[in-house]
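Read the structure below first, then the notes.
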Amino acid sequence: MSTSDHDHRRDRDSEATFGEYGGQYVPEALMPAVQELEDAYERYVLENEDGFMDEFRERMRDFGGRPTPLQRAERLSERYDREIYLKREDLVHGGAHKLNNALGQVLLAKYMGKERIIAETGAGQHGTATAMAAAHLDMPCEIYMGRTDINRQRPNVYRMRMNGTEVNPVTAGSGTLKEAINETMRDWATTVETTHYVIGSVVGPHPFPKLVRDFQAVIGQEAREQIRERAGRLPDSVVACAGGGSNTMGTFHAFVPDDEVDLYAVEAGGSSLEIDEENALAPNSATLSTGTDGVLHGAMTKLLQSEDGQIMESHSVSAGLDYAGVGPELSHLVDIGRVTPASVDDEAALNGFHRLSNLEGIIPALESSHALGYLEEQHEELGDLVVVNVSGRGDKDLETVLEETENRDLEAAPDVEVFGQ
Amino acid sequence: MSDIEAAIREHHPALITYLTAGDPSLEDTKAYVEALDRGGADLIELGLPFSEPIAEGPTIQAAINRALDAGTTPAGFFELVDDLETEAPLLVMTYYNMILQYGDEPDVRPFVERAAEAGLSGIIVPDLPAEESDPLRAACDDHGLDLVFIVAPTTEGERLERIMSQASGFVYVQARLGTTGARADVSNATHDSLTRLEEYDVSEPCSDGVPKAVGFGVSEGDHAAEIIEAGADGVIVGSALIDIVAESDDPVADLEAKAEELKRGAIRGADGGTDADPIDAPEPEQP
Chain A
309 MSTSDHDHRR DRDSEATFGE YGGQYVPEAL MPAVQELEDA YERYVLENED
359 GFMDEFRERM RDFGGRPTPL QRAERLSERY DREIYLKRED LVHGGAHKLN
409 NALGQVLLAK YMGKERIIAE TGAGQHGTAT AMAAAHLDMP CEIYMGRTDI
459 NRQRPNVYRM RMNGTEVNPV TAGSGTLKEA INETMRDWAT TVETTHYVIG
509 SVVGPHPFPK LVRDFQAVIG QEAREQIRER AGRLPDSVVA CAGGGSNTMG
559 TFHAFVPDDE VDLYAVEAGG SSLEIDEENA LAPNSATLST GTDGVLHGAM
609 TKLLQSEDGQ IMESHSVSAG LDYAGVGPEL SHLVDIGRVT PASVDDEAAL
659 NGFHRLSNLE GIIPALESSH ALGYLEEQHE ELGDLVVVNV SGRGDKDLET
709 VLEETENRDL EAAPDVEVFG Q
Chain B
67 MSDIEAAIRE HHPALITYLT AGDPSLEDTK AYVEALDRGG ADLIELGLPF
117 SEPIAEGPTI QAAINRALDA GTTPAGFFEL VDDLETEAPL LVMTYYNMIL
167 QYGDEPDVRP FVERAAEAGL SGIIVPDLPA EESDPLRAAC DDHGLDLVFI
217 VAPTTEGERL ERIMSQASGF VYVQARLGTT GARADVSNAT HDSLTRLEEY
267 DVSEPCSDGV PKAVGFGVSE GDHAAEIIEA GADGVIVGSA LIDIVAESDD
317 PVADLEAKAE ELKRGAIRGA DGGTDADPID APEPEQP
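From first to last, the protein sequence lines stand for chains A and B.
Letter 190 of the first sequence, counting from 1, is numbered 498 in the numbering used here, and no numbers are missing.
Letter 112 of the second sequence, counting from 1, is numbered 178 in the numbering used here, and no numbers are missing.
What follows is the structure in structure tokens.
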């Protein structure tokens, strides 16, 4: 996108939407804040006013630990008989790509003169990253988190509190990310004049999907440069897991113009791709693969919803993917055929988790494990040179993995009984 | 002049009430709406429940959950409206996704057509700002329905003017930031509303185009009196009525009594008004 035409307000439709997706479907009270953010996005992020992006990049380097390596995975390459490279976002400070966006937004809030930060979190990685960024930049911070997610992601709750952040439990509905987002929107509607809501993925009203993507795009920019340096060419395919889609868009964005590179967004297939209409339950979070168009949390996008338009409870073994919506830009890229939606089930993801831990000495997040599960199932379709984004590390998921592994007969799992009662 | 605007002008100062349809059942809602109509409600908003009500506070969210648990669907909602015979015009309040999903593919028109057929007079959509409202606005215009816009404490300048110029039926003036919910603090509610009214220059009843009604936090006759006295054309009450639905042993009688209290309060506010006599409000035009 050109940054030289800022004097001319670009056409709203091309600005706020991706094809038919996106937009700004929020309560009137939030509209001025959304528009204020739109201005700040254009000035600071797109035009580097006051050296904003320079400061962001410097802090991502010194505080965040960028650039992250692109590592050749030797044993996976051998196993699949092709070149497999891992983009190591698990090595970003805090253990996940989430810091790229959280630090960017908290810094932006500071430039905008906001006094308080709020955010929601599912797996806890976004909450943790926001808490760290807020402490780093000396901003008061509160995080909303579903009660179910608090129970399955305790280490991250502790980390947030260590950084001086309040964690507010949300008990509505199934107590997961969807409910936490609703609650954060309500807080924002009350405090909008002084508070910035750090949305954790490429979702929500414009400009959030673009803002978050631009902060995350560093993943793909680095990976693109690194693979050309290492392999002498662009990859045949790039694989990333997709929940809301922030690591997905961050990884894909730089490759979208490269038509020869296939892009695979791997969603959580949960226990089944079939919808339980009677109980309004999707036993998966595979929105790109099975969702239908609608409006949720500020944007038109693909959703898991009933025929009447009620949003379904989604499911994934990975809290970070457990969301009934997805970023509008990904919906668009899928519709135009640039991104291929895919999914693997809980079991394939757990096997992916154990396989990478065993073979490469990297314990991946359960989110990333879906991409690794897809690699195992579909490697023959992915060409000779493959980049897989390891979006985060799996320390936060150990309890879940041990519990879920004990319940199943997993081929890739070590003997975990010694960890039992 | 639309049914809604006519009702407000004719019954000025107007009492506008909200209930969630299907809480605790559609049959109960029918009895409750009729009680509000008898008690003096001049317009009645019916909420079509959506699973993610981001603009609502805990009271209405709980009502929506009860309605969804009871199996309330858009089809059932419209059947209820088909059956209702009230003096007060009815509006539907729901979220945009519910409107989009009615019919075979995402499109606002089937919903609006069905709403018009059921006899609804208008639509309020809390998550649809003016910027995104063109398709729904066009469909409402085609079917003679009002699309009611909300003006928030943060709405200022050009946006405020644009919304005021696009509004039909009435403008919903949000008294304070935050979500819906009854407040006990008379002073705060009144203070906030007064401030808002000054900003919106509504010192004359029905002045400056469409009528203005104030909601968010109104729960008592005294609140209604103070808001009307400050120059609003109507007060909007929701959560305080939901509390009665949820807690009362005799919701029908208590809803009717509450509507009477609120309407009396509104009239008291108009009588104590300083700038104009509401009885002088213009007669509604004949269609």
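All C-beta atoms, glycine included, are put in the ideal place defined by N, C-alpha and C.
Values in this document were obtained by computation on a predicted structure and should not be read as measured data.
Taking the straight line between their C-alpha atoms, what separation do you get for residue i and residue j?
{"i": "residue 627 of chain A", "j": "residue 708 of chain A", "result": "10 Å"}
{"i": "residue 84 of chain B", "j": "residue 327 of chain B", "result": "15 Å"}
{"i": "residue 289 of chain B", "j": "residue 105 of chain B", "result": "17 Å"}
{"i": "residue 704 of chain A", "j": "residue 484 of chain A", "result": "16 Å"}
{"i": "residue 619 of chain A", "j": "residue 595 of chain A", "result": "11 Å"}
{"i": "residue 386 of chain A", "j": "residue 688 of chain A", "result": "13 Å"}
{"i": "residue 714 of chain A", "j": "residue 375 of chain A", "result": "37 Å"}
{"i": "residue 527 of chain A", "j": "residue 694 of chain A", "result": "15 Å"}
{"i": "residue 635 of chain A", "j": "residue 226 of chain B", "result": "30 Å"}
{"i": "residue 751 of chain A", "j": "residue 535 of chain A", "result": "What is shown of chain A runs 309 to 729, which leaves residue 751 of chain A out entirely."}
{"i": "residue 302 of chain B", "j": "residue 292 of chain B", "result": "13 Å"}
{"i": "residue 295 of chain B", "j": "residue 80 of chain B", "result": "12 Å"}
{"i": "residue 74 of chain B", "j": "residue 401 of chain A", "result": "59 Å"}
{"i": "residue 504 of chain A", "j": "residue 389 of chain A", "result": "48 Å"}
{"i": "residue 671 of chain A", "j": "residue 663 of chain A", "result": "9 Å"}
{"i": "residue 247 of chain B", "j": "residue 363 of chain A", "result": "42 Å"}
{"i": "residue 206 of chain B", "j": "residue 94 of chain B", "result": "29 Å"}
{"i": "residue 377 of chain A", "j": "residue 530 of chain A", "result": "9 Å"}
{"i": "residue 426 of chain A", "j": "residue 460 of chain A", "result": "21 Å"}
{"i": "residue 533 of chain A", "j": "residue 540 of chain A", "result": "10 Å"}
Would you mind telling me which residues of chain B sit closer than 9 Å to residue i, beta carbon to beta carbon, in chain order?
{"i": "residue 497 of chain A", "result": "120, 121, 218, 243, 244 and 245"}
{"i": "residue 613 of chain A", "result": "117, 163 and 167"}
Name, please, each residue of chain A whose Cβ falls closer than 8 Å to the Cβ of residue i.
{"i": "residue 134 of chain B", "result": "618"}
{"i": "residue 193 of chain B", "result": "333, 334, 335, 603 and 606"}
For residue i, count neighbouring C-beta atoms within 10 Å of its own C-beta (all shown protein chains included) and say buried if the count is 16 or more, exposed if not.
{"i": "residue 305 of chain B", "result": "buried"}
{"i": "residue 681 of chain A", "result": "buried"}
{"i": "residue 479 of chain A", "result": "exposed"}
{"i": "residue 470 of chain A", "result": "exposed"}
{"i": "residue 254 of chain A", "result": "Nothing about residue 254 of chain A can be reported from this structure: the residues present for chain A run from 309 to 729 only."}
{"i": "residue 466 of chain A", "result": "exposed"}
{"i": "residue 141 of chain B", "result": "exposed"}
{"i": "residue 472 of chain A", "result": "exposed"}
{"i": "residue 568 of chain A", "result": "exposed"}
{"i": "residue 421 of chain A", "result": "exposed"}
{"i": "residue 231 of chain B", "result": "exposed"}
{"i": "residue 586 of chain A", "result": "exposed"}
Helix, strand or coil for residue i per DSSP?
{"i": "residue 126 of chain B", "result": "helix"}
{"i": "residue 461 of chain A", "result": "coil"}
{"i": "residue 545 of chain A", "result": "strand"}
{"i": "residue 218 of chain B", "result": "coil"}
{"i": "residue 620 of chain A", "result": "coil"}
{"i": "residue 447 of chain A", "result": "coil"}
{"i": "residue 608 of chain A", "result": "strand"}
{"i": "residue 700 of chain A", "result": "strand"}
{"i": "residue 580 of chain A", "result": "coil"}
{"i": "residue 272 of chain B", "result": "Legend: pLDDT at residue 272 of chain B = 46, less than 50; position of this residue unreliable, no value from coordinates given."}
{"i": "residue 388 of chain A", "result": "helix"}
{"i": "residue 690 of chain A", "result": "coil"}
{"i": "residue 189 of chain B", "result": "strand"}
{"i": "residue 651 of chain A", "result": "strand"}
Run through chain B and tell me which residues come within less than 7 Å of residue i, C-beta to C-beta.
{"i": "residue 601 of chain A", "result": "172"}
Let me check one thing: in DSSP terms, what residues is residue i bridge-paired to?
{"i": "residue 476 of chain A", "result": "A:452"}
{"i": "residue 490 of chain A", "result": "BP columns for residue 490 of chain A are empty, so no partner."}
{"i": "residue 200 of chain B", "result": "DSSP, once it has assigned bridges, lists no residue as partnering residue 200 of chain B."}
{"i": "residue 504 of chain A", "result": "A:425"}
{"i": "residue 310 of chain B", "result": "Answer is none; residue 310 of chain B lacks a bridge partner."}
{"i": "residue 325 of chain A", "result": "A:330"}
{"i": "residue 302 of chain B", "result": "B:82"}
{"i": "residue 110 of chain B", "result": "B:83 and B:156"}
{"i": "residue 258 of chain A", "result": "The requested residue 258 of chain A is not part of the displayed model; chain A covers only 309 to 729."}
Can you name the residues of chain A whose CB is closer than 9 Å to the CB of residue i?
{"i": "residue 116 of chain B", "result": "617, 618 and 619"}
{"i": "residue 240 of chain B", "result": "335, 336 and 337"}
{"i": "residue 221 of chain B", "result": "336, 337, 339 and 340"}
Which chain A residues sit within Cβ distance under 7 Å of residue i?
{"i": "residue 86 of chain B", "result": "Neighbours of residue 86 of chain B on chain A: none; closest Cβ ~14 Å, over 7 Å."}
{"i": "residue 198 of chain B", "result": "331, 332 and 333"}
{"i": "residue 139 of chain B", "result": "616"}
In chain B, which residues lie with their C-beta within 8 Å of the C-beta of residue i?
{"i": "residue 486 of chain A", "result": "118"}
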